[in-house]
Amino acid sequence: MLDSASRLDLALLHELRKQNPDLSRAKLKEWFKSESITYRGRAASPSEELSAGDHVLDIPEALENALAPDTAQASPRGSFLEILHEDENLLALNKDSGIPSVPHAIHETDTAVSSALAHFPGLEQVGRRGFEPGILHRLDTGTSGVLLFAKNQPTFETLQSLWKTPRVIKTYRALVQSQSADPSPETWQLPKVIATPLAHDPKSSKKMIALSREDSEERGLYRGKPLPALTRIRQLSRLEGRNPDSWDLEIEIETGVMHQIRCHLASVGLPILGDSLYRGGISPRLWLHAWKLKVDSLEITAPLPAHWPGAAPSQKDHSRTDLKEQP
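Quick note on our numbering: the sequence shown kicks off at 8 and runs consecutively.
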């Protein structure tokens with residue numbers, strides 16, 4: 008029986024964790040998907056609004072053992088993520104490359120979300136999606152840098168409404184290698200703005216494509232609707248010790264389409280190093296870093312990883328190593 012009115016998935020997780028503090032959101036999501044949770048005699052939806060005193064849970068006997076605490080479960084590595092900023096309304100983490108922003112599979116705990124929850128359990132009650140508590144945006148698994156959470160619902164709602172406005176400025180760093188036949192600065196210039204619409208690749212749910220005006224009018228070349236996207240580019244330097252067509256770029260986006268920076272850069276012959284999905288070759292990591300996030304007067308900066316080539320020592324984070332290298 009629920010103690011107070013709430014969304015079903017959030018209230019249920021709160022109640023069940025009284026029996027098993029280690030019960031994961033992924034497990035609860037699995038129960039919803041398998042229709043193991045019922046409400047008023049029918050399969051329940053995670054987003055249903057409940058009233059105090061409701062009885063909602065009907066778990067088959069085969070699943071009851073899942074409520075027993077798993078004493079062998081290790082602490083999530085995500086709990087080691089560095090805190091870049093915290094106040095009464097916001098929590099900003101420095102996500103490592105290779106760490107997912109949110110869970111993608113059952114029992115996955117090595118995520119930025121698990122790190123945020125470990126530090127501030129109150130995030131469970133924030134946001135619209137029960138399994139993405141308080142998170143205001145996502146970074147691709149390979150992307151490192153600033154990841155922002157709202158610590159209360161009013162802040163979440165306010166920032167969600169501002170996220171794609173000029174009041175929120177998102178600045179990235181990327182290492183790219185030109186595929187131009189002649190990338191010398193005397194004959195070739197980096198584009199300053201890319202405004203090509205993006206759409207989902209019809210052959211892969213994991214990939215986006217950039218559309219020309221002609222492409223956008225031809226059916227079958229993409230799924231769904233073309234999405235407006237604007238990417239601004241500033242050249243910082245060529246990479247010493249690498250091929251002369253490798254660059255360190257500063258990138259600012261005014262939108263937040265899936266894979267926007269990766270797809271836009273690849274579409275103009277500048278794939279990010281290590282981005283095999285968009286012809287950027289193989290590397291130990293994807294060389295894309297969410298460097299700065301500015302919301303009105305608040306600016307949060309994630310230092311460049313210590314192994315980032317070409318950056319001044321003052322720009323790098325020497326206090327920590329990649330999460331994968333931790334014992």
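A virtual CB, placed ideally from N, CA and C, is assigned to each residue, including glycine.
No experiment lies behind these values; they were computed from the predicted model shown.
Query                                                                                                                                                : Result
I need the straight-line Cα distance from V133 to P278, nearest angstrom please.                                                                     : 36 Å
For L234 and A206, which I take to be in contact (beta-carbon distance under 8 Å), what is that distance rounded to the nearest angstrom?            : 6 Å
Specify the secondary structure class of S244 as computed by DSSP and reduced to three states.                                                       : strand
Among the candidates A51, D103 and L197, whose CA atom is the shortest distance from the CA of A313?                                                 : D103
Using 9 Å as the threshold, is the C-beta distance between K299 and I240 below it?                                                                   : no
Alpha carbon to alpha carbon, what distance is there between I289 and A99?                                                                           : 30 Å
Which residues bound the beta strand (DSSP E) around V183?                                                                                           : V175 to Q184
Keeping to the same chain, check which residues put their C-beta closer than 8 Å to that of W254; ignore five residues upstream and five downstream. : L182, V183, Q184, S185, L197, Q242, L243, S244, R245, L246 and L277
By the DSSP assignment, the alpha helix (DSSP H) with S122 in it spans what residues?                                                                : A119 to H126
So which of D282, E257 and S219 has the shortest CA-CA distance to A297?                                                                             : E257
My output table needs one value for P312: the three-state DSSP class, helix, strand or coil.                                                         : strand
Give the single residue among L155, D94, P310 and E93 whose Cα lies nearest to the Cα of I108.                                                       : In the sequence on display, residue 108 carries Ser and not Ile. Measuring from the Cα of S108, the nearest candidate turns out to be L155.
Is the separation between the beta-carbon of G287 and that of A273 shorter than 9 Å?                                                                 : yes
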